[in-house]
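**Student:** 144 is the number of the first residue of the sequence shown in this note's numbering; add one for each residue after it. Glycine included, every Cβ here is placed at the ideal spot set by N, Cα and C. Values in this document were obtained by computation on a predicted structure and should not be read as measured data.
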Amino acid sequence: SSPAEVVIAVDFGTTFSGFGFTKTSLSPHEIFDNCKWPGDAWAGAAPYCKIQTSLFYVPDPAKPGHFQVKDRGWSAFTAYQSDAQDSLNITEELADEAGYFAHKFKLHLAPNEMQMSSMVSAPGDLSPERMVVDYLRSLTNFIMNELTTAIRKDFSMRDVQWCLTVPAVWDESAKQQMKACAEKAGMIKGVNCPRDASPSPRALHIILEPEAASVYWQLQAQHNLKLEEGDRILIADVGGGTIDLVVHEVVELHPKGGASKVKEVVASYGQIGGGTFVDNNFFDVVAEKIGCFWDYCRSVNPFLPTQLYSWCRRIKAEFTVSWYDEEFGLVTCGLSKAWKKYDLQPSIDPEVEKVLGLIEKQSRKVSILMVVGGFAGSPYLKKQVISKFSSEVKEIIIPTDPGRAICRPGAVELHLRKNFIKSRISKLSYGIGIRRPQEDDDPLDLIVVDDDGRPKCDKAMSVFVRAGEEVELGSSIEDSYFPSLHHQESMRIPLYSSPRTYPRYTNETDTKLEGSFEIDMSDEMELDKSREIRVRMEFGDALLNVSALRSNFGTDEEEHGLAVTFECTR
């Protein structure tokens with residue numbers, strides 16, 4: 144495709160989402176964001192670069208058990224308040240009657256071992272994946288409508304390069320699933336894209352959130368800090384649902400100051416946590432203090448959780464010290480006993496301790512600490528970070544608007560500076576499951592005989608990246624594969640991960656199936672098992688990319704590319 148006229152980076156968050164964009168013809172690049180959203184004034188929201196990541200679904204009157212989107216973002220929140228029952232603890236029967244307020248659905252894409260155990264299942268035909276697709280589609284339509292008005296009336300998806308941020312702690316399966324959701328939302332071309340969509344012809348650029356924050360730090364350092372090659376910085380992106388950390392080392396300086404190239408020195412790490420979990424902890428304490436709370440909400444006052452949620456968010460933003468108290472009178476809400484005061488510290492401390500503990504793992508190995516993300520705006524968290532680490536690092540940087548760092552300017556700037564990240568450290572070993580010729584020490588239970596009578600090892604692992612290995616961006620491997628069966632029309636390449644440096648088999652106890660790449664080779668069958676397919680795997684980027692080419696079949700006029708799809712195992 145020709146170069147895009149506009150680069151748009153979507154910061155898809157657990158609680159809030161936003162976007163930044165720039166016109167590529169501008170020099171130097173000026174990056175813009177959006178602070179005016181549908182329904183924000185009605186919801187009482189202050190102007191901000193992000194909108195609530197939420198949807199309001201109503202029952203489809205023509206299809207029992209089916210739901211359709213009524214509103215999104217702030218409009219969804221106000222529609223929920225006025226039209227629907229409580230969905231923080233909703234039953235499917237209530238949703239069928241009144242509607243369903245969907246939020247925090249991004250958490251369902253997290254690796255299974257990191258997901259919240261208490262997440263509520265969606266009613267009817269709703270699923271977390273559908274909610275992600277519906278939200279991305281709605282946000283995409285809003286962005287395109289805004290830019291068509293701002294740029295010109297014939298501005299369209301063909302002029303756009305889309306970028307989408309994801310947490311660094313996500314596994315390959317979650318990142319591939321996000322890419323598939325973007326296709327289903329009509330953002331980009333792909334096998335999952337609806338036929339009636341008009342997507343961008345350019346490949347989606349998946350961007351790791353703390354790496355986008357690293358670019359933001361570099362822009363700040365260019366004006367405020369004197370850096371040297373070898374300086375190390377720890378970036379903690381503390382959002383609504385994930386705590387993401389990377390450690391970067393400066394390997395090249397920009398002539399005007401700041402870093403022009405960095406490398407990862409330890410594998411990115413983190414865990415589920417942040418502002419969303421403060422809210423969860425808060426409601427746990429409420430339910431503990433008032434045992435009948437949820438029953439009362441369902442039967443008497445379904446809007447009470449919404450009122451408490453809004454109150455909690457306001458107090459959380461203002462909370463600074465352990466003796467802070469606030470009042471919320473429950474008498475006016477119908478409860479006979481008023482819960483007069485509540486100290487927020489038991490709700491916020493567990494999440495603050497998560498952040499401090501994760502930073503502490505690498506704080507003594509860096510000279511600069513930067514904390515960004517929505518939860519980094521908490522005065523209490525800021526105070527604890529500065530108190531704990533000011534004697535360990537030379538500089539602690541917490542921007543005045545830390546929630547803005549990713550989408551403006553970080554993610555857009557990272558796409559434009561394709562060489563900013565020199566290399567990453569692989570958290571796991573990655574490889575594919577293959578059937579190879581038998582070796583002497585292979586377990587006998589893995590030996591099979593193919594349809595030509597030759598002994599093969601059925602669950603061998605061909606490793607292309609090893610845990611702890613430094614991987615240069617743009618790194619790739621290419622290998623040839625042949626059908627294992629006569630008349631085979633497609634080839635399945637399962638992708639596995641392992642914490643071991645030298646895994647051998649895909650059935651080892653700590654080896655995980657991330658998903659499978661499916662290659663369609665049904666067009667030409669004449670060469671049967673002699674058909675050679677060259678498979679190229681690019682693993683230096685944030686997302687593993689696989690392409691497949693015909694080697695000895697097809698016509699000269701054909702492009703020779705074969706369709707490759709990723710099938711998630713979840």
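Helix, strand or coil for Thr291 per DSSP?
**Tutor:** As a first step, residue 291 must be located in the sequence shown, where it is residue number 148. In the structure shown, Thr291 adopts helical secondary structure according to DSSP, grouped into three states.
**Student:** Does the stretch 196-206 come within contact of the stretch 167-186, defined as at least 3 CB pairs closer than 8 Å?
**Tutor:** no
**Student:** Compare the C-alpha of Gln527 against each of Gly658, Arg338 and Ile502 and name the closest.
**Tutor:** To locate residue 527, count along the sequence shown from 1; it is residue 384. Of Gly658, Arg338 and Ile502, the smallest CA-CA separation from Gln527 is found for Ile502.
**Student:** Specify, as a first and last residue, the run of the alpha helix (DSSP H) that His366 falls within.
**Tutor:** Translated into positions along the sequence shown, residue 366 becomes position 223. Start and end: Glu352 to Asn367.
**Student:** Beta-carbon separation of Ile539 and Ser533 under 8 Å?
**Tutor:** Counting from one through the sequence shown, the residue named residue 539 turns up at place 396. Counting from one through the sequence shown, the residue named residue 533 turns up at place 390. In contact: Ile539 and Ser533 (Cβ atoms closer than 8 Å).
**Student:** Give a yes or no on whether the C-beta atoms belonging to Ile568 and Glu407 are separated by under 8 Å.
**Tutor:** Position 425 of the sequence shown, counted from the start, is the residue given in the question as residue 568. Position 264 of the sequence shown, counted from the start, is the residue given in the question as residue 407. Contact flag set, yes.
**Student:** Which partner residues does Thr308 have in the DSSP bridge list?
**Tutor:** The residue labelled residue 308 in the question sits at position 165 within the sequence shown. DSSP lists Ile350 as partners of Thr308.
**Student:** Which partner residues of Thr385 appear in the DSSP bridge assignment?
**Tutor:** Along the sequence shown, read from residue 1 onward, the residue named residue 385 stands at position 242. Note: Thr385 sits in a beta bridge opposite Ile415.
**Student:** Which two residues bound the contiguous beta strand (DSSP E) that contains Val514?
**Tutor:** Within the sequence shown, numbered from 1, the residue matching residue 514 stands at position 371. Element bounds for Val514: Ile511 to Val515.
**Student:** Taking all protein chains shown into account, do 16 or more other C-beta atoms lie within 10 angstroms of the C-beta of Pro310, making it buried, or fewer, making it exposed?
**Tutor:** Taking the first residue of the sequence shown as 1, we reach residue 310 at position 167. It counts as buried.
**Student:** If we call anything under 8 Å between Cβ atoms a contact, is Val555 one with Val212?
**Tutor:** Position 412 of the sequence shown, counted from the start, is the residue given in the question as residue 555. Position 69 of the sequence shown, counted from the start, is the residue given in the question as residue 212. Not in contact: Val555 and Val212 (Cβ atoms no closer than 8 Å).
**Student:** Which residue or residues does DSSP assign as beta-bridge partners of Leu92?
**Tutor:** Given a span of 144 to 713 for the chain in the structure shown, any question on residue 92 remains unanswerable.
**Student:** Figure out for me which residue from Ser357, Ala317, Pro522 and Asp438 has the closest Cα to the Cα of Arg560.
**Tutor:** To locate residue 560, count along the sequence shown from 1; it is residue 417. When each option's Cα is compared against that of Arg560, the closest is Ser357.
**Student:** Taking only runs that begin and end inside the stretch 630-678, name each unbroken beta strand (DSSP E) of 3 or more residues, in chain order.
**Tutor:** 633-641 and 655-663
**Student:** For chain B, find out if any of its Cβ atoms is closer than 8 Å to the Cβ of Lys531; answer yes or no.
**Tutor:** Among the protein chains of the structure shown there is no chain B, as only one such chain exists.
**Student:** Below 6 Å CB to CB, which residues in the same chain sit around Ala691 once its five sequence neighbours on both sides are set aside?
**Tutor:** Walking along the sequence shown from the start, residue 691 turns up at place 548. Closer than 6 Å at Cβ, skipping near neighbours: Ile662, Ile676, Val678, Leu705 and Val707.
**Student:** Ordered along the chain, which non-local residues of its own chain (more than five positions away) have a Cβ less than 7 Å from that of Asp594?
**Tutor:** Sequence index remark: in the sequence shown, residue 594 carries index 451 (1-based). These residues qualify, in order along the chain: Leu628 and His629.
**Student:** Looking only at C-alpha atoms, which of Asp601, Asp585 and Leu589 sits nearest to Arg738?
**Tutor:** Residue 738 is absent from the structure shown; the chain starts at 144 and stops at 713.
**Student:** Confirm, please, whether the CB-CB distance from Ala379 to Val721 is below 8 Å.
**Tutor:** This structure leaves residue 721 out entirely; the chain is present only between 144 and 713.
**Student:** State yes or no: is the C-beta of Gly596 within less than 8 Å of the C-beta of Pro637?
**Tutor:** Numbered from 1 along the sequence shown, position 453 holds the residue referred to as residue 596. Numbered from 1 along the sequence shown, position 494 holds the residue referred to as residue 637. No; because the gap between Cβ atoms is not below 8 Å, this pair is not in contact.
**Student:** What is the residue span of the beta strand (DSSP E) that Ala152 lies within?
**Tutor:** The sequence position of residue 152 within the sequence shown is 9, counting from 1. Looking at the DSSP string, the run of the beta strand (DSSP E) that includes Ala152 is Val149 to Asp154.
**Student:** Tell me, to the nearest whole angstrom, how far the beta carbon of Leu687 is from that of Glu315; I am working on the premise that it is less than 8 Å.
**Tutor:** Along the sequence shown, read from residue 1 onward, the residue named residue 687 stands at position 544. Along the sequence shown, read from residue 1 onward, the residue named residue 315 stands at position 172. Indeed they touch by this definition, with Cβ atoms about 6 Å apart.
**Student:** Report the rounded CA-to-CA distance for Leu351 versus Gly382, giving the unit in angstroms.
**Tutor:** For this step, residue 351 is matched to residue 208 along the sequence shown. For this step, residue 382 is matched to residue 239 along the sequence shown. Straight-line Cα distance between these residues: approximately 13 Å.
**Student:** Skipping 5 residues on each side, what residues in its chain have a beta carbon closer than 6 Å to that of Arg612?
**Tutor:** Here residue 612 corresponds to residue number 469 of the sequence shown, with the count starting at 1. Just to set this straight, residue 612 is Glu in the shown sequence, not Arg. These residues qualify, in order along the chain: Ser569.
**Student:** With distances taken from CA atoms, which of Asp438, Ile376 and Glu667 is nearest Ser411?
**Tutor:** For the purposes of this step, residue 411 is identified with residue 268 of the sequence shown, where counting begins at 1. Ranking the options by Cα distance to Ser411, first place goes to Ile376.
**Student:** Does Arg345 pass the burial test, meaning 16 or more other C-beta atoms within 10 Å, or should it be called exposed?
**Tutor:** Position 202 of the sequence shown, counted from the first residue, corresponds to residue 345. So Arg345 ends up on the buried side.
**Student:** Just curious, the alpha helix (DSSP H) that Arg441 is in, first and last residue?
**Tutor:** Locating residue 441 in the sequence shown gives position 298, counting from the first residue. For Arg441, the enclosing alpha helix (DSSP H) starts and ends at Phe436 to Ser442.
**Student:** Taking the beta strand (DSSP E) that Glu710 falls in, what are its first and last residues?
**Tutor:** The sequence position of residue 710 within the sequence shown is 567, counting from 1. Start and end: Val707 to Cys711.
**Student:** Straight-line CA distance for Ser665 to Asn695?
**Tutor:** Counting from 1 along the sequence shown, the entry for residue 665 is found at position 522. Counting from 1 along the sequence shown, the entry for residue 695 is found at position 552. C-alpha separation (whole angstroms): 14 Å.
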